[in-house]
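Working notes for the structure below.
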Amino acid sequence: MVTEALETLMSYNLDKLAVGVLGSHSALQILHGARKEGLRTVLVTIEERIPFYREFKHLIDEFVVIQRWSDLCSKNVTNKLKKLNTILVPHGSYVEYVGLKCAEEIEVPIFGLRTLFKVEASQREKMSLLRRAGIEVPREYRYGEDFEGLAIVKLDGAKGGRGYFLAKCRDEVVEGVEKLIKDGVIDGSDSVLVQEYVVGVPAYYHYFYSPVLGRVEILGADIRYETSVDGLKRVPPKLMEVLSAKPTFVVVGNLPLVLRESLLPKILDYGYRFVKATQDALPPGIIGPFCLESIIKDDLDIVVFEFSGRIVAGTNIYVGGSPYSQLYWDEPMSTGRRIAREIKLAVEKGVVDRVVT
Amino acid sequence: MVTEALETLMSYNLDKLAVGVLGSHSALQILHGARKEGLRTVLVTIEERIPFYREFKHLIDEFVVIQRWSDLCSKNVTNKLKKLNTILVPHGSYVEYVGLKCAEEIEVPIFGLRTLFKVEASQREKMSLLRRAGIEVPREYRYGEDFEGLAIVKLDGAKGGRGYFLAKCRDEVVEGVEKLIKDGVIDGSDSVLVQEYVVGVPAYYHYFYSPVLGRVEILGADIRYETSVDGLKRVPPKLMEVLSAKPTFVVVGNLPLVLRESLLPKILDYGYRFVKATQDALPPGIIGPFCLESIIKDDLDIVVFEFSGRIVAGTNIYVGGSPYSQLYWDEPMSTGRRIAREIKLAVEKGVVDRVVT
Amino acid sequence: MVTEALETLMSYNLDKLAVGVLGSHSALQILHGARKEGLRTVLVTIEERIPFYREFKHLIDEFVVIQRWSDLCSKNVTNKLKKLNTILVPHGSYVEYVGLKCAEEIEVPIFGLRTLFKVEASQREKMSLLRRAGIEVPREYRYGEDFEGLAIVKLDGAKGGRGYFLAKCRDEVVEGVEKLIKDGVIDGSDSVLVQEYVVGVPAYYHYFYSPVLGRVEILGADIRYETSVDGLKRVPPKLMEVLSAKPTFVVVGNLPLVLRESLLPKILDYGYRFVKATQDALPPGIIGPFCLESIIKDDLDIVVFEFSGRIVAGTNIYVGGSPYSQLYWDEPMSTGRRIAREIKLAVEKGVVDRVVT
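Chains as they are written, first to last, in this note's numbering: chain L, 82 to 438; chain W, 82 to 438; chain X, 82 to 438.
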């Protein structure tokens, strides 16, 4: 709970703060960044990943080993984290690994807005927050509704695009969803969102909202690399027939991108709008990294089809800094390092309670 | 005019030179680079973009705010720029924003070759300069001529690819062009260029010609990210039918690229040839950044289908330096910074008149 | 021969070691890296490439100019290299340029495992080494065998993908191979490998095995940029018909990639397995850089369809360091520089014989 977490924070030795992270997603970047800013580091991991993370033990002060990810919220583990003065940094795997309840209620202070996790778990609530921010979003179809053009069918929960599919009519939507239900992937048609497939190019913007400096920074941009869709596009139409493969959208990596500078004012404006909407709906509002996920159309409209309220994996491209972070900081500033910098700035100004919930 | 601009230069305090740029395209990179080289910086912008550029005010010494872009050439503004000892750096939006006449005739010194702007405004003259340089170019079809394979239809003026289209026969060319005329996008078929669509992969090379060092540097390479063509390729052939969308080629971003090292000798040779051709046709020839825009075929032939005589947006990828600029400079050298370095070198050697027109 | 090369090494002045490389592929990166580590540098090149490499003479202590690449093994040239205390760094063009016999038998010490060159020359032996390592590989079809789905037909020797083609049935395989034989590209169907075309996305992992530190480092990842396949995917299905172009797979560049962090444990495990397999089959086993070339499927399986036992061109992306090398070294560490660092570390510890064969 927020209050307990803030109480915990009060008990911390601020000279010995540690950044804690689950062993996945963008952990290495976050640890590396914390180390560069002189903070201590804690890696929470399950046993089978120890051999991997041990290769980076020069970045890690403490290993906290757990049996299952959901053990994060056990008294034993949270006590250990508190004793280490840990501020937990939630990333894209956090809620997926430990479950929504533990993610929200953990008594350890979190760098970020924990009340946003529930919103993120629902495709519909996500879109509603974006609309509230005045950000352009794709049309949304009711399940079973007829539509023109193509639709993309999305599932609740951040599972890296797994299960998403394209459909060219109502019947294909229903057929696909019924299969997912039969396969036990989803419980019912309530957990799917049927969205207009907007024609244009995908672009993902990495933002950082600094409560200390009171500004939104654009720290980078990327394109997701998705299997199998980004492989299938290399297969000529004539040969596609024999593959009988439908494109899938499982994210396995990220590619760097820079944007036309004349698009940046709008992109930054979207960032500020999003921050404002979270401050209105879920005070104190978002803290630190977030991502808007968009299609840029050929009339230069930017349609946001999803967001992430935490650090996204695309930031892993920029462990050594991005073209954009150079412009703000003129030093090799990754999003992971930016998190640690914000904690340090907050400590220096005596406002560390403003960067955690 | 060149003479007036050079006279203006004579009156400048060379210890207080400023780099001036319009707020768009690659302005942030250019300002950042100037700052790193210790030059002063001037941003010329319209009002609506002030909020955005104010976020980067740590990079900007002076804001010059104008009502409309074309006000750049008003006495009032040019006097301000002269008083600030400004050398203007033209980028890809420069001519498009202020118009050809102002772009060419402004009395403020320009880092670059201002007589090239007129050539760049015409697809036909561009191709003719490339041919003169002995650089391989695509076949060109007369409007209304029959052809084999595919053609791409291009419009005059750097509008970021807007309006370009593919056609598989003469009739599709005519139909498309007539629609553009009807829609008021172009005046007549004289402003289009019908080019062979060369089969291969696009690749853009960022060059820098240094009059001070007398050499051409390869500072980077990129691929353009174009909406909607780069999005449509993710849609499976079977689903394309329902989209009824034709690919468009509006550039919204850039992706980093490195090239097979054995291609670099030819690419560098093309760079030297291009410099030579501009020196012959438009003395003193090109100054600073330019870009050759090519298709690499599978026999490793490189066919150049366009050029840009100024800094291109693809260089924004490399604000922190590129793989290639590392090899020349072994420091984080962007094209923007390289411009400022060239000005500094020219001042040190007393040849600053050689880097402006 | 190994013994002669090691004898040569004994005669070297270890305070004046030079890194030698053929002028192609990743030479600039290797030279740049050696220079940063304070080693001397030797470039071996044919005459026509001198103008190009002279532009980088600030990175090169000695030019060794030869008539034809195969002259590398002439007494004259090897003597020169020995006198310069040269350790030769083989890259992706090395065997292709000088021929297998010279590559293997040269008396100059090689940073790498020279007995691996022969394995690399055969697609079948390559796959067999991967299987021996316990790494998942694509199904392999006998020439003339029926198959389901798509197959890719590959040729022996590292020719950058030239001649590779897709086939959707046995007959297309045979037809294509017979054409290659007729055209004199290959001698017979023995030099082709018919592999299952695995549906997913390509991803290439750059490893470095350090005999001195006893560990495998992941130094980067990339995607190859292949002409014409990566261009053709931009052409809409309807227009493809008129092109009558089949996709080809000639590598002309590389694009940066980062991977989902949860995939890295498996990728690193594959790296260790590969090292172990070479140690078992070809002691002392691989030294320095190698690359596994894979498809990632949408169930997150990683299928390795090829490897390279030397530095790959994809590392040229990271002349200034990669997101991954940052995590290990926290300095701008390219693979080229990592090679030089390993030589330096080996000299310091008195085990330089462990990094050459």
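Beta carbons: idealized from backbone N, C-alpha and C, even for Gly. This structure is a prediction, so every number in the text was calculated from the model and none was measured.
- Only residues of its own chain outside the window of five on either side were considered, and among them Gln-276, Glu-277, Val-279, Val-384, Phe-386 have a CB closer than 6 Å to the CB of Pro-219 of chain W, listed in chain order.
- A straight line joining the alpha-carbon of Gly-114 of chain W with that of Thr-438 of chain X spans about 45 Å.
- By the neighbour-count definition (other C-beta atoms within 10 Å, threshold 16), Gly-281 of chain X is a buried residue.
- Pairwise C-beta distances place the segment 157-175 of chain L in contact with the segment 114-129 of chain L, as three or more of them are shorter than 8 Å.
- Of all residues in the segment 298-318 of chain L, those with a C-beta nearer than 9 Å to a C-beta of chain X are Asp-303, Tyr-306, Glu-307, Thr-308, Ser-309, Val-310, Asp-311, Gly-312, Leu-313, Lys-314, Arg-315, Val-316, Pro-317, Pro-318, reading in chain order.
- In the three-state scheme derived from DSSP, where H, G and I count as helix and E and B as strand, Ala-115 of chain X is classed as helix.
- Using a CB distance cut-off of 9 Å, Leu-408 of chain L counts as an interface residue toward chain W.
- Judged by their CB atoms, Val-170 of chain X and Ile-191 of chain X are nearer to each other than the 9 Å cut-off.
- In this structure, Leu-109 of chain X sits away from Leu-95 of chain W, with a CB-CB distance that is not shorter than 9 Å.
- Judged by DSSP secondary structure, Gly-334 of chain W falls within the beta strand (DSSP E) whose first and last residues are 330-337.
- When DSSP states are grouped into helix, strand and coil, Thr-196 of chain X belongs to the coil group.
- Secondary structure of Glu-201 of chain X (DSSP, three-state): helix.
- Along the segment 352-378 of chain X, going in chain order, the ones with a CB nearer than 9 Å to a CB of chain L are Ile-376, Ile-377, Lys-378.
- Annotated three-state conformation of Ser-209 of chain X is helix, per DSSP.
- Within its own chain, the residues whose Cβ lies closer than 7 Å to the Cβ of Lys-235 of chain X, once the five positions on either side in sequence are excluded, are Gln-204, Tyr-245, Val-273, Leu-274, Gln-276, listed in chain order.
- Secondary structure in the segment 299-363 of chain W: the alpha helix (DSSP H) runs of 4 residues or longer, each lying completely within the stretch, are 310-313, 318-324, 345-362 in chain order.
- The shortest C-alpha to C-alpha distance from Leu-153 of chain X to any of X:Phe-289, X:Thr-416, X:Glu-185, X:Asp-311 is the one to X:Glu-185.
- Contact between the segment 316-326 of chain W and the segment 305-314 of chain X is absent: fewer than 3 CB-CB pairs across the two stretches fall below 8 Å.
- With a beta-carbon spacing of about 6 Å, Asp-434 of chain L and Leu-90 of chain L fall inside the 8 Å limit used to define contacts.
- Residue burial annotation: Asn-157 of chain W is exposed, with fewer than 16 other C-beta atoms found within 10 angstroms of its C-beta.
- In the three-state scheme derived from DSSP, where H, G and I count as helix and E and B as strand, Ile-216 of chain L is classed as coil.
- Counting only residues of its own chain and dropping the five nearest sequence neighbours on each side, Val-176 of chain X has a CB closer than 6 Å to the CB of Ala-184, Phe-198.
- The segment 324-336 of chain L makes contact with the segment 333-346 of chain X; the number of CB pairs closer than 8 Å reaches 3 or more.
- Looking only at X:Lys-117, X:Val-102, X:Trp-150, X:Lys-182, the smallest Cα-Cα distance to Glu-143 of chain X is reached by X:Val-102.
- In chain order, Leu-95, Leu-98 place their CB closer than 8 Å to the CB of Val-428 of chain L, counting only its own chain and leaving out the 5 sequence neighbours on each side.
- Taking C-beta separations shorter than 8 Å and ignoring five residues to either side along the sequence, the partners of Ile-367 of chain W in its chain run Gly-193, Leu-194, Leu-197, Tyr-290, Phe-355, Val-356, Thr-359, Gln-360, Gly-390, following chain order.
- With a threshold of 9 Å between beta carbons, Glu-226 of chain L makes no contact with chain W.
- Ranked by Cα distance from Phe-137 of chain W, the options L:Tyr-405, L:Asp-379, L:Leu-231 are led by L:Tyr-405.
- Rounded to the nearest whole angstrom, the C-alpha separation of Arg-223 of chain L and Gly-369 of chain L is 34 Å.
- If you look at Cys-183 of chain X, you'll find it in the alpha helix (DSSP H) that goes 181-186.
- Chain order gives the chain L residues near His-106 of chain W as Arg-341, Glu-342, Ser-343, where near means a beta carbon separation below 9 Å.
- Of the candidates X:Gly-104, X:Gly-417, X:Leu-140, the residue whose Cα lies closest to the Cα of Gln-148 of chain X is X:Gly-104.
- Distance between Pro-365 of chain X and Val-432 of chain X, taken at the CA atoms: about 14 Å.
- Residue burial annotation: His-139 of chain W is exposed, with fewer than 16 other C-beta atoms found within 10 angstroms of its C-beta.
- Taken in chain order, the members of the segment 245-258 of chain X whose beta-carbon sits within less than 7 Å of a beta-carbon on chain L are Leu-247, Lys-249.
- Against Ala-184 of chain X, chain W offers no close residue; the least beta-carbon distance is about 18 Å (beta-carbon pairs closer than 9 Å).
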